[in-house]
Structure formats: C-alpha cells, structure tokens
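In what follows, a structure is listed as structure tokens, so that the remarks can point back to it.
Numbering (the numbering used here), first residue to last: 28 to 532.
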C-alpha cells in the first residue's frame, strides 16, 4: 500500500505538476472528466477502474490546486447488476452510484440517455438523494402536457436541475474569473416523462444566455461524436466539450476547439489543465488521458461505500440464483466481454450468448442476433464462469424472441449492424457470417431474399432503438413469438446459464 501511495504521488507530480508557475495575469484550474460509469468497483479482477481510485486521484490533484473540479458527462444510474437488485421491494436503480458520487463531491453532472432507463419515480428518488448539481440545456420533465425542469426535492427546500451552470475560480493573487457550462443530451431513450429540446437550438440559446455573464463557456454533453462536432461547428467559441456516450477514449479537434471522452467505467479519466490569462483573454488547455489501474491507491471513505454495496450484491444475488458463485462452465480461454470488442468484432462471449438463444428454442431457429450494447460487463470474464458473471454481462435481461422474417430484411439488418461498428448497434451473431465477397451466409448458404427465416432476437432489437427499421410494423416481419414465463427463452440470462450448465453435464 505504501508503494502504491508513493507511485500515485509520483504519477500525479510528473503528469500534472505541483503548484503551477503562473504569472500574475494567469489563473490555473483543472477539470477531471469521467463518463459512462456503470460500475463503482474495479473491473478486470481489480486491475482497472474503480470510483475509489478516481477519488484518490482527484484528492491528490486538488491538494495542490484547490481549483480542481470533477464532472460526470452522463450515463451512471443504469445499467448495472446492482441496479437490478431489490431492497425492501424497491429496485436499487442507481442508488449506489448516488451515494458514491455524493461522497466524492462531484461539481457537476449532466444527463445521459441511460438515466432514463429508470422509471420516473425512481429517477426522482435519485435526484432527491443527490447533493451535487445536475444540468441540462435541452432535457426537461414532461408531465400532464406541461414541460418543466426536473425537480430536486430536499428536506428543507425544492431545487430544480440547471439549464446552465456557472462557477467562480479564484487564485492566490486574488484574481477570479467566472466560467459557465451548457449541457445537452441526445434524444436516444424515449420516455413519456422526458422532453428533449433540439440539441443545437438549445445549445445556441444557452450559449447566448451565458456569453455575456462569464469569461469562458464549456460544454458537458452526452452526444454521439458527430453531434458534438456539429455543436462546435455552430458554437466555435466553446474551447472544450467534455462528452460521453461512445465508451472509448478520444480527443477530437474541431477548429480551435476539442472534444474529449474517456473510456467507460473509469478505466481512464481526462484531466484538463486550463491556464487563462486575464489580461489578453488567452486560454491554454492541456488534456491528459490518465489510466486508472491497480497502481493507484483508493480513497478509504469511498472504498468503504463500494465494499458495502458489494456485500449487498453478494447477499441479494443469492436470493435470485442458487449458489451464484458456483462454477457453471469451464471455458478453454477467458471470455471477451469488453465493450470495445463487443461493439466491433465477433467475440467468444457473444458466440456463447447467441448459441444459448438458439438452444432456448430447442435449436428450432436458423440463427440468432443480439446487439453488442446488451453486453455490459466491460470485462474479460474468467475461464471458470459463474451465474453471477452472466448476470453482470446481461443486466438488462429481457426475452428472446423467435421472429419469422424475410431474407431481404435479414440482409438489411446485418448490413446495418456492420455499418455500426464501435456502437451498441453492432451485432453479435450465430449461424450468420459474411463471405469474402461481402455476401451474407446463413448456415453456410447465401441468404435468399424472398425466403422466410426463423431468427432468435433479443427483445431490445425489435423495439427499433438500435436499428430503426427493425420493428413489428416492418412488412417483412411475418410473425413474432414471445415466450411464456415457463420457457427458457423468457430471460436471456437464465437461458445462457442453463445452456452453459447443459454443456457441462
């Protein structure tokens, strides 16, 4: 532990310096950015991620520069296995994340699309529990045809989420500047209680309201990269957009501005050092992508909270699965559940899931497809698989559907999935492959466009979220069979567990 503490100090010192040598006209401040964090504990057998480690890094930097601010660029309340567990009859639904983030004293968060996975009453509880400010320039609550800010109901008062946000930065020379933030979220998760204003119109409106009140305006967004780029093309005066949604790290320049996104689950964080000259209004930004790994010490207060929730999970999961930690299958190699793989290449874990989907219908379907975004574990699973590994992998659960559809639609679905490499719409598949000439094959044979095939789909895919034209109203969908509660296909997680157990028997 002493070695880890010393190494952390050395890393922070080398990358970010001690007290910056700035002139009397310059003021230095730091942003720490994370996004798309679903797990509070480290992943990869403890090798990467972990909110307690993020807290330690922030504490180390803030000790040297009090003007250090911590931001979350959306997607943190859902999904996770913990979120699906009930305590006293109520789903946890992100409660564990709020407790951790409160203790970490986040300075500002914006909504991600997955915040709206929650039911309205559960999101309201999480808002009420949070001690940090929320901001969105385009997301509002829709109730009884009335559009308003989401409320945060505290014991002594009621606040609202922020349209924009401002903060004061002071330094040792008694200089101070005022900085502002706007935030926008893509309209991905459609719920009857959520209203999405136009991304660009609302961002431009928010900027116009801020620009004469502050020295600098920054973006805290949860958008697709192309949308972030267009936002900066429309508002080039924003020097930095701290974004999320893609789940992998990037730094992209647009003119004189840039967009940064860290890896999901705090495997990396962005640390921005900003130096502003109050005389000539010049701003310099140095952005470092910092790896959060097992060389980093954990903040003990946050670690205690994380461990508390880990113990709750272990107790509650035993109420759902008999002997959840028992080995159900021995794989000849570790199974790749990392997001970067699940969303871009065919994986051995994806193969097991799709094989189990076919097996759940007694092998009476031609092929199976599941969107890579359903695989949420973002980890290399050990060779000795347990039931809890499968629940971590597929926290959403959901039915497996048997769908009769024509080959012309099947081909369009496969082409679309391939075009979406790097996103959750990329498809893991079984009995479907692409030949070297680009032709799609099903069970080794060319797909016949006017032939009807039986395909096992995850129920999410038939909702049209990832693949807009794949829905029950498509004329090429001939029939959809939904399993009963008694059938293996009723829950993709239990189907996968039972399939793996069958291989071991």
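We treat Cβ as the ideally placed atom computed from N, Cα and C, and that holds for glycine.
Assign residue 154 to one of three DSSP states: helix, strand, or coil.
On the chain shown, position 127 is the one that residue 154 refers to. It is helical.
Straight-line CA distance for residue 530 to residue 462?
Position 503 of the chain shown holds residue 530. Position 435 of the chain shown holds residue 462. Straight-line Cα distance between these residues: approximately 29 Å.
Return the CA-CA distance between residue 220 and residue 214, expressed in angstroms with no decimal places.
Mapped onto the chain shown, residue 220 falls at position 193. Mapped onto the chain shown, residue 214 falls at position 187. Looking at the two C-alpha atoms, the distance is approximately 13 Å.
Going by the C-beta, is residue 303 closer than 7 Å to any heavy atom of the ligand FMN?
Absent from the structure shown: the ligand FMN. Ligands present: none.
Taking 8 Å as the threshold (C-beta atoms), are residue 374 and residue 395 in contact?
On the chain shown, residue 395 is found 368 positions in, with the first residue counted as 1. On the chain shown, residue 374 is found 347 positions in, with the first residue counted as 1. No, the pair does not count as a contact, with Cβ atoms beyond the cut-off.
Where does residue 518 fall in DSSP's three states?
Start at 1 with the first residue of the chain shown, and residue 518 comes out as number 491. It is coil, neither helix nor strand.
Nearest-angstrom Cβ-Cβ length linking residue 509 and residue 428, presumed shorter than 8 Å:
Residue numbering aside, residue 509 sits at position 482 when the chain shown is read from its first letter. Residue numbering aside, residue 428 sits at position 401 when the chain shown is read from its first letter. 6 Å between Cβ atoms; contact.
Between residue 75 and residue 319, is the Cβ-Cβ spacing less than 8 Å?
On the chain shown, residue 75 is found 48 positions in, with the first residue counted as 1. On the chain shown, residue 319 is found 292 positions in, with the first residue counted as 1. Closer than 8 Å, so yes.
Under 8 Å, with one C-beta from each stretch per pair, do the segment 261 to 276 and the segment 60 to 68 reach the 3-pair mark?
Cβ pair count under 8 Å is three or more, so yes.
Could you name the residues of the same chain whose beta carbon sits closer than 6 Å to that of residue 438, not counting the 5 residues immediately before and after it, in chain order?
The residue labelled residue 438 in the question sits at position 411 within the chain shown. Counting only Cβ-Cβ distances below 6 Å, and skipping sequence neighbours, we find 467, 474.
Rounded to whole angstroms, what's the CA-CA distance from residue 249 to residue 386? Just pull it up for me.
Counting from 1 along the chain shown, the entry for residue 249 is found at position 222. Counting from 1 along the chain shown, the entry for residue 386 is found at position 359. Those two C-alpha atoms are separated by around 38 Å.
Mind pulling the beta strand (DSSP E) runs of 3 or more residues that sit fully within the segment 315 to 356?
none
CA-CA distance, residue 14 and residue 111?
As displayed, the chain neither begins before 28 nor continues past 532, which places residue 14 out of reach and without an answer.
Buried or exposed: where does residue 197 fall if 16 or more other Cβ atoms within 10 Å of its Cβ makes it buried?
Your numbering for residue 197 matches position 170 in the chain shown. Under this definition residue 197 is an exposed residue.
Taking its Cβ as the centre, do 16 or more other Cβ atoms sit within 10 Å of residue 116, making it buried, or is it exposed?
On the chain shown, position 89 is the one that residue 116 refers to. Residue 116 comes out exposed.
Mind checking residue 158: buried by the 16 CB within 10 Å criterion, or exposed?
For the purposes of this step, residue 158 is taken as residue 131 along the chain shown, with counting starting at 1. With fewer than 16 Cβ atoms within 10 Å of its Cβ, residue 158 is classed as exposed.
Beta-ladder partner(s) of residue 457, from DSSP
For this step, residue 457 is matched to residue 430 along the chain shown. 395, per the DSSP bridge assignment.
Extract the residue ranges of the alpha helix (DSSP H) inside the segment 239 to 326, only unbroken runs of 4 or more that lie entirely within it.
252 to 261
Which first and last residues belong to the alpha helix (DSSP H) in which residue 369 is found?
Residue numbering aside, residue 369 sits at position 342 when the chain shown is read from its first letter. Residues 366 to 369.
To the nearest angstrom, how far is the alpha carbon of residue 223 from that of residue 532?
Indexing the chain shown from 1 puts residue 223 at position 196. Indexing the chain shown from 1 puts residue 532 at position 505. Distance from the CA atom of residue 223 to the CA atom of residue 532, rounded to whole angstroms, is 51 Å.
Using the rule of at least 16 other Cβ atoms within 10 Å of the residue's Cβ for burial, across every protein chain shown, is residue 188 buried or exposed?
For the purposes of this step, residue 188 is taken as residue 161 along the chain shown, with counting starting at 1. With 16 or more Cβ atoms within 10 Å of its Cβ, residue 188 is classed as buried.
In whole angstroms, what separates the C-alpha of residue 134 from that of residue 392?
For this step, residue 134 is matched to residue 107 along the chain shown. For this step, residue 392 is matched to residue 365 along the chain shown. Residue 134 and residue 392 have their alpha carbons spaced roughly 51 Å apart.
Please classify residue 101 as buried or exposed, where buried requires at least 16 other C-beta atoms within 10 Å of its C-beta.
Along the chain shown, one-based indexing puts residue 101 at 74. Burial call: buried.
Exposure of residue 66, with buried meaning 16 or more beta-carbon neighbours within 10 Å
Position 39 of the chain shown, counted from the first residue, corresponds to residue 66. Its Cβ being crowded by 16 or more others within 10 Å, residue 66 is buried.
Quick check on residue 509: does DSSP put it in helix, strand or coil?
In the chain shown, residue 509 corresponds to position 482, counting from 1. Correct three-state label for residue 509: coil.
Just mark residue 184 as buried or exposed, buried being the case when its beta carbon has 16 or more other beta carbons within 10 Å.
Taking the first residue of the chain shown as position 1, residue 184 is located at position 157. The residue is exposed, with fewer than 16 neighbouring Cβ atoms inside 10 Å.
Can you list, in chain order, the residues of its chain whose CB lies under 6 Å from that of residue 178, leaving out five sequence neighbours each side?
The residue you call residue 178 lines up with position 151 of the chain shown. If we look at residue 178 and ignore the five residues flanking it on each side, its Cβ neighbours are 185, 187.
Backbone secondary structure at residue 401 - three-state DSSP
Residue 401 sits at position 374 when you count from the first residue of the chain shown. Reduced to three states, the DSSP call for residue 401 is helix.
I need the DSSP call for residue 119, collapsed to helix, strand or coil.
Residue mapping note: residue 119 aligns to position 92 of the chain shown, counting from 1. Reduced to three states, the DSSP call for residue 119 is coil.
Let's test the definition: count the other Cβ atoms within 10 Å of the Cβ of residue 41 and tell me whether it reaches 16, buried, or not, exposed.
As a position in the chain shown, residue 41 is number 14, starting the count at 1. Low per-residue confidence applies at residue 41: pLDDT is 45, beneath 50, and the placement is therefore not dependable enough to give any value.
On the three-pair Cβ rule with 8 Å, is the segment 404 to 417 touching the segment 348 to 367?
Touching, yes, given that three or more Cβ pairs across the two stretches are closer than 8 Å.
For residue 80, is the classification buried or exposed, using 16 other Cβ atoms within 10 angstroms of its Cβ as the cut-off for buried?
Mapped onto the chain shown, residue 80 falls at position 53. Buried, since its Cβ has 16 or more Cβ neighbours within 10 Å.
Between residue 415 and residue 525, what straight-line distance do the alpha-carbon atoms span, to the nearest angstrom?
Position 388 of the chain shown, counted from the start, is the residue given in the question as residue 415. Position 498 of the chain shown, counted from the start, is the residue given in the question as residue 525. Pairing residue 415 with residue 525, the inter-Cα distance amounts to about 13 Å.
Considering only their Cβ atoms, is the gap separating residue 464 from residue 82 smaller than 8 Å?
To locate residue 82, count along the chain shown from 1; it is residue 55. To locate residue 464, count along the chain shown from 1; it is residue 437. If you check the CB distance, residue 82 and residue 464 do not come in under 8 Å.
According to DSSP, is residue 81 helix, strand or coil?
One-based indexing of the chain shown puts residue 81 at position 54. In the structure shown, residue 81 sits in a helix (DSSP, three-state: H, G or I).
Nearest CA to the CA of residue 144: which residue from 130, 126, 131, 120?
Locating residue 144 in the chain shown gives position 117, where the first residue counts as 1. Nearest of 130, 126, 131, 120 to residue 144, Cα basis: 120.
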